[in-house]
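For reference, the structure discussed in these notes is given below.
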Amino acid sequence: MKPHSRKGDYFAEDDGEMVPRTSHTAAFLSDTKDRGPPVQSQIWRSGEKVPFVQTYSLRAFEKPPQVQTQALRDFEKHLNDLKKENFSLKLRIYFLEERMQQKYEASREDIYKRNIELKVEVESLKRELQDKKQHLDKTWADV
Numbered sequence: 017m018k019p020h021s022r023k024g025d026y027f028a029e030d031d032g033e034m035v036p037r038t039s040h041t042a043a044f045l046s047d048t049k050d051r052g053p054p055v056q057s058q059i060w061r062s063g064e065k066v067p068f069v070q071t072y073s074l075r076a077f078e079k080p081p082q083v084q085t086q087a088l089r090d091f092e093k094h095l096n097d098l099k100k101e102n103f104s105l106k107l108r109i110y111f112l113e114e115r116m117q118q119k120y121e122a123s124r125e126d127i128y129k130r131n132i133e134l135k136v137e138v139e140s141l142k143r144e145l146q147d148k149k150q151h152l153d154k155t156w157a158d159v
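Note that my numbering gives residue 24 to position 8 of the sequence shown, counting from 1, and the numbers run on in steps of one.
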């Protein structure tokens, strides 16, 4: 058995359309008929005359209670606050990533420069070692 929502208590689905349930509508109308405005007739498109009270009373279903509108306002306010917070966090992430990239690029250039300097130093030390080996071999051959 399906649980009925508040809307489901007063309306039944008829081929995908919401149709007022007779028992609930009749009970509601009989309850409000005594308190409503004077009965006037209103002609519908089908040509059928319907008492104005019935049309007027059914509109009471459409007005949400004050508690629901307050909850909706609170929800919308909370949603707006979350959207603002989300935007500020995205902005913060963007600037942090940008700063990180700048530091990385600067440090990357420093690393390349240092790497070139070390390669030059290695080559000069290899040459110096080779010269000393040749000098040692020459001295060893002289002895």
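Even for Gly, the Cβ is constructed at its ideal location relative to N, Cα and C.
If we ignore side chains and look at the alpha-carbon of each, how far apart do Lys-106 and Asp-97 end up? By one-based count along the sequence shown, residue 106 stands at place 90. By one-based count along the sequence shown, residue 97 stands at place 81. Those two C-alpha atoms are separated by around 14 Å.
Under a three-way DSSP split, which group does Asn-131 fall into? For the purposes of this step, residue 131 is taken as residue 115 along the sequence shown, with counting starting at 1. The answer is helix: DSSP assigns Asn-131 an H, G or I state.
For Leu-145 and Leu-112, what's the separation of their Cα atoms in angstroms? What you label residue 145 is simply residue 129 of the sequence shown in a count that begins at 1. What you label residue 112 is simply residue 96 of the sequence shown in a count that begins at 1. Rounded to whole angstroms, Leu-145 to Leu-112 spans 48 Å at the Cα level.
Taking the runs of the alpha helix (DSSP H) that are 4 residues or longer, which of them lie wholly in the stretch 101-145? Here no run is fully enclosed.
When the Cα atoms are used, what is the spatial distance from Tyr-128 to Asp-147? By 1-based counting over the sequence shown, the position of residue 128 is 112. By 1-based counting over the sequence shown, the position of residue 147 is 131. Spanning the two alpha carbons is a distance of roughly 29 Å.
In the structure shown, what three-state DSSP assignment does Val-83 receive? Translated into the one-based positions of the sequence shown, residue 83 becomes position 67. If DSSP states are grouped into helix, strand and coil, Val-83 belongs with the helices.
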